[in-house]
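Once you know that position 245 of the sequence shown is 245 in the numbering used here, the rest is easy, because the numbers rise by one and skip nothing.
One structure is given here, and the rest of the page talks about it.
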Amino acid sequence: MMKLSATFAVLAGFIPYALGQAQEWGQCGGIGWTGATTCVSGTTCVVVNSYYSQCQPGTATSTTSTTTTASTTPSSTAGLNTLAKAAGKLYFGSATDNPELSDSAYVTILSNSKEFGQITPGNSMKWDATEPTRGTFTFTNGDVIANLAKTNGQLLRGHNCVWHNQLPSWVSSGSFTAADLTTVIQNHCGTVVGHYKGQVYSWDVVNEPFNDDGTWRSDVFYNTLNTTYVSIALQAARAADPNAKLYINDYNIENSGAKATAMLNLVKQLIADGVPIDGVGFQCHFIVGSVPTSFQTVLEQFTALGLEVAITELDIRMTLPETDALLAQQAKDYQSVVQACMNVEKCVGITIWDYTDKYSWVPSTFSGQGAACPWDSNLTIKPAYNGIVAALS
Ligand code: 9MR
1 MMKLSATFAV LAGFIPYALG QAQEWGQCGG IGWTGATTCV SGTTCVVVNS
51 YYSQCQPGTA TSTTSTTTTA STTPSSTAGL NTLAKAAGKL YFGSATDNPE
101 LSDSAYVTIL SNSKEFGQIT PGNSMKWDAT EPTRGTFTFT NGDVIANLAK
151 TNGQLLRGHN CVWHNQLPSW VSSGSFTAAD LTTVIQNHCG TVVGHYKGQV
201 YSWDVVNEPF NDDGTWRSDV FYNTLNTTYV SIALQAARAA DPNAKLYIND
251 YNIENSGAKA TAMLNLVKQL IADGVPIDGV GFQCHFIVGS VPTSFQTVLE
301 QFTALGLEVA ITELDIRMTL PETDALLAQQ AKDYQSVVQA CMNVEKCVGI
351 TIWDYTDKYS WVPSTFSGQG AACPWDSNLT IKPAYNGIVA ALS
């Protein structure tokens with residue numbers, strides 16, 4: 001069994017394990033379990049899966065070990081958004097997605113504007129969702145999330161207009177002339193941004209334009225229009241909703257390096273050319289124990305150009321199973337990432353890429369990894385929550 005030191009328990013806000021022994025067939029461990037972790041005489045604690053260990057009849061021939069993580073007590077009950085706003089930020093927010101909205105316990109937390117003052121639709125405003133066939137727009141799912149934000153008094157980030165991924169095949173495999181594709185982008189961005197006019201705080205107009213080495217990503221937009229697709233999209237978005245902040249959003253630009261430099265050079269050029277650009281989004285999909293060290297410096301390079309910046313898709317994944325040590329490191333990592341935004345005045349807000357492990361994109365994308373969010377899959381806060389609180393306070 002894993003043991004918590006007294007110091008660690010205080011620092012991380014853990015509740016000590018309940019005393020006593022579990023009965024035959026009772027639960028004796030598993031992620032999130034805070035009850036007894038030893039079994040009555042004649043039974044043995046057997047790991048059924050990482051979430052459930054059980055006292056089964058018989059005596060162990062060897063010591064059974066399981067990963068048990070204790071429950072977390074919030075170090076503040078103010079709520080993450082309340083703390084962020086008190087510290088001068090516009091919001092602390094979360095991504096969400098339509099299928100999850102049938103989970104009422106999930107929605108209750110998402111809708112608590114003390115925790116979340118902003119939401120981003122994870123999928124339902126993307127091109128494949130909004131214009132699956134040319135010129136035919138569907139906003140049903142996007143509207144559900146826009147209306148939820150409105151009902152909850154939460155800001156909305158629009159995500160996204162132009163991206164290489166989640167494109168309907170009529171776009172990704174279309175053979176367009178430059179003039180055709182210009183019209184297609186103008187119509188798509190203009191219609192989608194126009195549909196949500198007045199409801200969106202900021203739009204990720206262009207998403208992930210660069211490869212990790214800082215070269216331009218090869219996709220239908222770049223291959224047909226070279227870099228001009230960026231200004232075409234931004235201008236169409238500005239015309240459609242003059243009050244929405246227009247962002248370019250990417251990952252692996254959080255540390256100094258070729259990709260961050262490429263983004264910096266792009267926005268400098270856009271500014272020089274008089275193209276509308278208000279902000280840069282830093283996705284921040286990180287790994288426990290290796291969050292970037294030059295993040296604040298990079299943020300400041302962008303704000304020095306007069307832009308705002310935001311953390312748009314934060315999560316910090318780990319190799320499973322989660323352990324107390326990994327969760328403690330994750331808390332430190334969340335704290336340092338959020339602190340970087342806190343230290344930069346024009347870093348306007350922080351969005352986590354869903355608040356709970358229950359609906360995180362990570363496990364289905366990175367085999368063997370997960371537990372990336374501040375709430376676990378039982379919708380209970382993890383030490384990461386207190387890491388965020390520490391940065392926001
Ligand atoms: O969270 C989104 C997930 O549900 C989708 O399957 C995935 C498909 O590409 O996109 C996820 O969101 C991505 C976001 O739109 C852009 N940055 C990376 C995010 C995680 O993949």
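From the three backbone atoms N, C-alpha and C, an ideal C-beta is built for every residue, glycine too.
With contacts defined by Cβ atoms closer than 7 Å, Ile-248 and Phe-286 do not form a contacting pair. Pairing Val-291 with Leu-326 gives a Cβ-Cβ distance that is not under 7 Å.
Taken from the Cβ of Trp-361, at least one heavy atom of ligand 1 lies inside 6 Å.
Fewer than three pairs of CB atoms, one per stretch, sit closer than 8 Å, so the segment 169-188 makes no contact with the segment 138-145. Judged by DSSP in its simplified three-state form, Gln-329 adopts helix. When DSSP states are grouped into helix, strand and coil, Gly-174 belongs to the coil group. In the assembly as shown, Ala-105 is an exposed residue. Its beta-carbon has fewer than 16 other beta-carbons within 10 Å. Two segments are said to touch when three or more pairs of C-beta atoms, one from each, lie closer than 8 Å; by this definition the segment 234-241 does not touch the segment 296-303.
A distance below 6 Å between beta-carbons, with the five flanking residues on each side excluded, links Phe-139 to the following residues of its chain, in chain order: His-195. Per DSSP, the beta bridge partners of Ala-310 are Gly-281. Runs of the alpha helix (DSSP H) lying entirely within the segment 77-111 and spanning at least 4 residues, in chain order: 80-86, 104-110.
Here the alpha carbon of Gly-190 sits roughly 18 Å from the alpha carbon of Trp-170.
One thing to note: Asn-81 has its Cβ within 7 Å of the Cβ of Phe-116. Using a cutoff of 6 Å, the CB of Asn-123 counts as near ligand 1, since one of the ligand's heavy atoms is closer than that.
Set against 6 Å, the gap from the CB of Asn-141 to the closest heavy atom of ligand 1 is not smaller. Pairing Asn-207 with Val-162, the inter-Cα distance amounts to about 6 Å. Going by DSSP, Leu-156 is part of the beta strand (DSSP E) stretching over 155-162. One Cα belongs to Ala-371, the other to Leu-379, and the distance between them is close to 12 Å. For Arg-157 against Val-193, the beta-carbon gap comes to about 12 Å, at or over 8 Å, which does not count as contact.
Per DSSP, reduced to three states, the secondary structure at Phe-366 is coil, with no helix or strand assignment. The beta-bridge partner set that DSSP reports for Asn-249 consists of Asn-207, Gly-281. In the structure shown, the three-state DSSP call for Val-348 is strand. When only Cα atoms are considered, Cys-284 and Asn-252 end up about 7 Å apart.
Within the DSSP secondary-structure output, Arg-134 pairs in no beta bridge. The beta carbons of Ile-109 and Ala-149 sit no closer together than 7 Å. Rounded to whole angstroms, the separation of the alpha carbons of Gln-21 and Trp-203 is 54 Å. Between the beta-carbon of Val-275 and that of Gln-235 there is about 7 Å, and that keeps the pair under the 8 Å contact cut.
Here Arg-317 carries a strand assignment [DSSP, helix/strand/coil]. Going by C-alpha positions, Ile-388 is about 11 Å away from Met-342. For Asn-165, the distance from the CB to the nearest heavy atom of ligand 1 is below 6 Å.
Look at Pro-121 here: in three-state DSSP terms it is strand.
The three-state secondary structure of Thr-43, taken from DSSP, is strand. In this structure, the alpha-carbon of Asp-376 lies about 10 Å from that of Pro-383. Minimum Cα-Cα distance from Pro-99 among the listed residues Ser-360, Gly-88, Asp-324 corresponds to Ser-360. Contact check for Pro-121 and Thr-96: beta-carbon distance about 7 Å, within the 8 Å limit, so the pair qualifies.
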